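Chains as they are written, first to last, in the numbering used here: chain A, 1 to 115; chain B, 1001 to 1114.
Note that the Cβ used here is the ideal one computed from N, Cα and C, for glycine as well.
Computed from a predicted model, the values in this text were never measured in an experiment.
Data block below; observations after.
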């Protein structure tokens, strides 16, 4: 079974530029998550989708971050404009359904460096 | 207070040692609990779920104390390959819906040396 795919794996941009990340979850997984992991910290949830609907975006900085999952499959996360403090690894994860007891499967992440 | 707090670490132990990690969580309504393992520059992967009755998987034992809102992970007979960051993870209900939200601790770094 293919895992969660993410691209690009690495991205270096200057502050105030825009960047987009892509995620393709495991086939059939209804729930998709985007996390931000700053060096030395645990992942922090940015947004959670159930199919193509948002169920939690309380920690998403909506003035600069946006995310969509239009067809309920793959998803994009965008930052516009980027700040230095956005330097982090952006992890996408998926889960078969909304059950809180199921494992989340993570993609390899996109490592963003903002200069 | 952080929602999920872990031992600050890092832990540096010799092969064969027993090491224990502790974690506390603030939301008493939390439903499910996990330990994830994250290797350097890799994604987190589920190590084990944590049940109220305690559970064991080979050299790993997890315990949950709901009254104290405390979770632990014990690793016996440490191997070099156990070197990683161990993340305590709590699933909390959000906004009265049934959609759980995973909240991660900051992680504890374990280094097992020869």
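Among the options, which one has its Cα closest to the Cα of residue i?
| i | options | result |
| --- | --- | --- |
| residue 89 (chain A) | A:54, A:81 and A:106 | A:106 |
| residue 1051 (chain B) | B:1044, B:1037 and B:1069 | B:1069 |
| residue 36 (chain A) | B:1102, B:1018, B:1011 and B:1108 | B:1102 |
| residue 79 (chain A) | A:16, A:108 and A:40 | A:16 |
| residue 1030 (chain B) | B:1004, B:1010, B:1017 and B:1058 | B:1004 |
| residue 1064 (chain B) | B:1025, B:1012, B:1075 and B:1114 | B:1025 |
| residue 40 (chain A) | B:1067, B:1113 and B:1006 | B:1006 |
| residue 1145 (chain B) | B:1077, B:1073, B:1091 and B:1092 | Residue 1145 (chain B) is absent from the structure shown; chain B starts at 1001 and stops at 1114. |
| residue 64 (chain A) | A:73, A:86 and A:72 | A:86 |
| residue 95 (chain A) | A:72, A:83 and A:112 | A:72 |
| residue 1054 (chain B) | B:1077, B:1106, B:1033 and B:1038 | B:1033 |
Buried or exposed: where does residue i fall if 16 or more other Cβ atoms within 10 Å of its Cβ makes it buried?
| i | result |
| --- | --- |
| residue 1002 (chain B) | exposed |
| residue 43 (chain A) | buried |
| residue 1020 (chain B) | exposed |
| residue 33 (chain A) | buried |
| residue 1059 (chain B) | exposed |
| residue 27 (chain A) | exposed |
| residue 1075 (chain B) | buried |
| residue 984 (chain B) | Not covered by the structure: residue 984 (chain B). The range shown for chain B is 1001 to 1114. |
| residue 1062 (chain B) | buried |
| residue 19 (chain A) | buried |
Helix, strand or coil, according to DSSP, for residue i in the structure here?
| i | result |
| --- | --- |
| residue 60 (chain A) | coil |
| residue 14 (chain A) | coil |
| residue 84 (chain A) | helix |
| residue 32 (chain A) | strand |
| residue 53 (chain A) | strand |
| residue 76 (chain A) | strand |
| residue 1109 (chain B) | strand |
| residue 1114 (chain B) | coil |
| residue 1028 (chain B) | coil |
| residue 1005 (chain B) | strand |
| residue 26 (chain A) | coil |
| residue 1018 (chain B) | coil |
| residue 2 (chain A) | coil |
So does residue i have its beta carbon nearer than 8 Å to some heavy atom of the ligand NAD?
| i | result |
| --- | --- |
| residue 1071 (chain B) | Summarising the ligand content, the structure contains no ligands, and the ligand NAD is consequently not present. |
Pull up the CB-CB distance for residue i and residue j, whole angstroms please, since I reckon it's below 8 Å.
| i | j | result |
| --- | --- | --- |
| residue 1042 (chain B) | residue 1036 (chain B) | With 8 Å as the limit, residue 1042 (chain B) and residue 1036 (chain B) do not qualify as a contact, their Cβ atoms being about 11 Å apart. |
| residue 59 (chain A) | residue 45 (chain A) | 6 Å |
- In chain order, each beta strand (DSSP E) run of at least 3 residues that lies wholly inside the stretch 1040 to 1097 of chain B: As far as the stretch 1040 to 1097 of chain B is concerned, its whole beta strand (DSSP E) runs of at least 3 residues are 1044 to 1050, 1055 to 1057, 1060 to 1065, 1070 to 1075 and 1084 to 1093.
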